[in-house]
Every structure is written in C-alpha cells, then in structure tokens.
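Engineer: Numbering (the numbering used here), first residue to last: 7 to 243.
C-beta atoms are modelled at their ideal positions from N, C-alpha and C, and glycine is treated no differently.
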C-alpha cells in the first residue's frame, strides 16, 4: 500500500532520546519522516530537560511519567520492560528474570545532578512494593560511569530493557518481572509556540503508532507490548 501521508514541512526536527538510539530510530520510522529530516541527540542524564528548555532540541522521547509545568507530554507510543543492570560477575547475573524484592539486597544509584527527584523515584524506587528499602548509595554522572561502578561493585541499577543496547560484554541486563513496564512518549515545550515541522512530526508519530499492529510501535529492546487507547497529543497545551 502506498504511503498517503503528506510531506513534512521543511526544516529539521531535533529529537532528543535517553539511552539507546534504537528507540529514536523506531520513533522516526513510525513518523514517516525522512531520516535526514530528523537530527538525533542523546540528552544529559544529569539534567534531562535542559537541552529542550534551552532551545537545542525540539522534542524529547521520555519514559515514565514526567510532570514538568512547562512541558507537554503526548500519548503513549509503547511500553518498555523494566530491567536490572549488573556486572556479569554479580551473584544474580545468571538469572533470566529478577524480582525487585531480591534486588533490594544490593545497593543502587542515587539521583544524579539536576535530574528531577520525583522522576528518579519512578525509575529507582526508594522502597519495593513489599516495603523493603532500596538503598541508593552509588553515584554516577553518565551511563558510562554507571557501568564502571557496576563492574567494580556488587551494585545494581534499576532501569529499562533498552540499556542492553549500550551495555559492554561484562554487564548483564535482566528483566524485572514484578515492576510494571514504563510508558514511552514524546514531550515538547508548551510555553512557546510549536513550530509546524515539530507539530507535524508529533502527529505523524502518533498516527504511526495507531496504524501499527496491536495499536503501538515497538519502542526499544525488551518492549513489553502496547497499551491500547492512549490519547493523542494536544499540541495546543
């Protein structure tokens, strides 16, 4: 079937993404925009919204539930499985699935830099669903630095499955079976006018999501499946 979507407006869309670039490629593919019409850039773990607020990026791929007063968040594109990141020498490294309750036996990572504390609590919960304290003692300013800490300690990082795309051979990424998957969305500034090219990109990604088998694009490695009926983005927000 031929693609009947209109050509995107002229101009480059600057798309920021966390961790794995594969998620960004899948989002661009869902949009139908030509790859050379979208510039991809990873955003800073320490201050994830700084480049968007500073005008260096037009739109971000976001995970979990960001609640920032100046940002609008679109509909759900897909869900991504939760995972533990740990060294291949870790006592749990040979497991194929892990419980967040047993991971509380090992130290995790504190909130980095200017990363919003409420959002870090969603990623690395201070307590498990069973009430156990999860000790967030280690510090890292980047994913590479975090991987280095894991290789020298029996630490764990609670994250998402797409970190497997970035993990060196000495690091394992293992699914956590008793944490719900995280929604994946787009976010943009709502305190300024949304350029036509950015509005068209967001709408095209949403349309691609609705047209995909099961109602959503697959987002990132280890995606846990679609969530149906997600509301589309309100670009006037």
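Looking at residue 79: is its Cβ nearer than 9 Å to the Cβ of residue 191?
Structural biologist: Taking the chain shown and counting its residues from 1, one reaches residue 79 at position 73. Taking the chain shown and counting its residues from 1, one reaches residue 191 at position 185. Yes, the pair counts as a contact, with Cβ atoms nearer than the cut-off.
Engineer: Can you name the start and end residues of the alpha helix (DSSP H) that residue 37 belongs to?
Structural biologist: Numbered from 1 along the chain shown, position 31 holds the residue referred to as residue 37. Its alpha helix (DSSP H) spans residues 27-37.
Engineer: Quick one: grab the DSSP three-state call for residue 57.
Structural biologist: On the chain shown, residue 57 is found 51 positions in, with the first residue counted as 1. In this structure, residue 57 counts as helix in the three-state DSSP scheme.
Engineer: Starting from residue 90, trace the beta strand (DSSP E) in both directions and tell me its first and last residue.
Structural biologist: Reading the chain shown from its first residue, position 84 is the one you call residue 90. It spans 88-93 - the beta strand (DSSP E) in which residue 90 sits, taken as one unbroken run.
Engineer: Using CA atoms only, rank isn't needed, just tell me which of 74, 193, 168 and 69 is closest to residue 181.
Structural biologist: As a position in the chain shown, residue 181 is number 175, starting the count at 1. If we check each option's Cα against that of residue 181, 168 comes out closest.
Engineer: With respect to the beta strand (DSSP E) encompassing residue 47, which residues constitute its N-terminal and C-terminal limits?
Structural biologist: Working through the chain shown from its first residue, we reach residue 47 at position 41. Its beta strand (DSSP E) spans residues 44-48.
Engineer: Decide yes or no for the touch test of the stretch 91-100 against the stretch 171-186: beta carbon pairs closer than 8 Å, at least 3 of them.
Structural biologist: Contact holds: three or more Cβ-Cβ distances are below 8 Å.
Engineer: Starting from residue 22, trace the beta strand (DSSP E) both ways and give me its first and last residue.
Structural biologist: For this step, residue 22 is matched to residue 16 along the chain shown. Taken as a continuous stretch (DSSP letters only), the beta strand (DSSP E) holding residue 22 covers 19-23.
Engineer: In this structure, what does DSSP give as the bridge partners for residue 114?
Structural biologist: If you number the chain shown from 1, residue 114 lands on position 108. For residue 114, which the question treats as bridged, DSSP gives the partners 142.
Engineer: Among 173, 138 and 77, whose alpha-carbon lies nearest the alpha-carbon of residue 107?
Structural biologist: Position 101 of the chain shown holds residue 107. Minimum Cα distance to residue 107 is reached at 138.
Engineer: With H, G and I counted as helix, E and B as strand and the rest as coil, what does DSSP make of residue 189?
Structural biologist: In the chain shown, the residue the question calls residue 189 occupies position 183. Correct three-state label for residue 189: strand.
Engineer: Note down the Cα distance separating residue 36 from residue 66, rounded to an integer number of angstroms.
Structural biologist: Start at 1 with the first residue of the chain shown, and residue 36 comes out as number 30. Start at 1 with the first residue of the chain shown, and residue 66 comes out as number 60. One C-alpha to the other measures close to 15 Å.
Engineer: Taking 9 Å as the cut-off, decide whether the C-beta atoms of residue 165 and residue 110 are in contact.
Structural biologist: Taking the first residue of the chain shown as position 1, residue 165 is located at position 159. Taking the first residue of the chain shown as position 1, residue 110 is located at position 104. No, they are not a contact pair.
Engineer: Take residue 46 as the anchor and find which of 63, 208 and 56 has the nearest alpha-carbon.
Structural biologist: The residue you call residue 46 lines up with position 40 of the chain shown. Checked all of 63, 208 and 56; the closest Cα to residue 46 is 63.
Engineer: Check whether the stretch 47-62 touches the stretch 200-214, counting contact only when three or more Cβ pairs, one atom from each stretch, lie closer than 8 Å.
Structural biologist: Contact fails: fewer than three Cβ-Cβ distances are below 8 Å.
Engineer: Bridge partners for residue 165 per DSSP, in chain order?
Structural biologist: Here the question's residue 165 lines up with position 159 in the chain shown. Bridge partners of residue 165: 89.
Engineer: Could you tell me how far apart the beta carbons of residue 118 and residue 51 are, in whole angstroms, since I believe they sit closer than 8 Å?
Structural biologist: The residue you call residue 118 lines up with position 112 of the chain shown. The residue you call residue 51 lines up with position 45 of the chain shown. Right, the Cβ-Cβ distance comes to about 6 Å (below 8 Å), so this counts as a contact.
Engineer: Can residue 153 and residue 144 be called in contact, C-beta distance under 9 Å?
Structural biologist: Locating residue 153 in the chain shown gives position 147, where the first residue counts as 1. Locating residue 144 in the chain shown gives position 138, where the first residue counts as 1. Contact: no.
Engineer: According to DSSP, is residue 101 part of a helix, a strand, or is it coil?
Structural biologist: In the chain shown, counting from the first residue as 1, residue 101 sits at position 95. Coil.
Engineer: Hey, residue 88 and residue 188: beta-carbon distance below 9 Å or not?
Structural biologist: One-based indexing of the chain shown puts residue 88 at position 82. One-based indexing of the chain shown puts residue 188 at position 182. Yes, Cβ-Cβ distance for residue 88 and residue 188 is below 9 Å.
Engineer: For residue 214 and residue 159, what's the separation of their Cα atoms in angstroms?
Structural biologist: Within the chain shown, numbered from 1, the residue matching residue 214 stands at position 208. Within the chain shown, numbered from 1, the residue matching residue 159 stands at position 153. Taking the straight line from one Cα to the other gives about 42 Å.
Engineer: Give the C-beta separation of residue 68 and residue 193 to the nearest angstrom, bearing in mind that I take them to be a contact with Cβ-Cβ under 8 Å.
Structural biologist: Position 62 of the chain shown holds residue 68. Position 187 of the chain shown holds residue 193. 5 Å between Cβ atoms; contact.
Engineer: Bridge partners of residue 180, per DSSP?
Structural biologist: Reading the chain shown from its first residue, position 174 is the one you call residue 180. DSSP output for residue 180 lists 90 as bridge partner(s).
Engineer: With a threshold of 7 Å on Cβ separation, who are the neighbours of residue 172 within its own chain once the five nearest residues in sequence on each side are excluded?
Structural biologist: The residue you call residue 172 lines up with position 166 of the chain shown. Result list for residue 172: 25, 26 and 149, in chain order.
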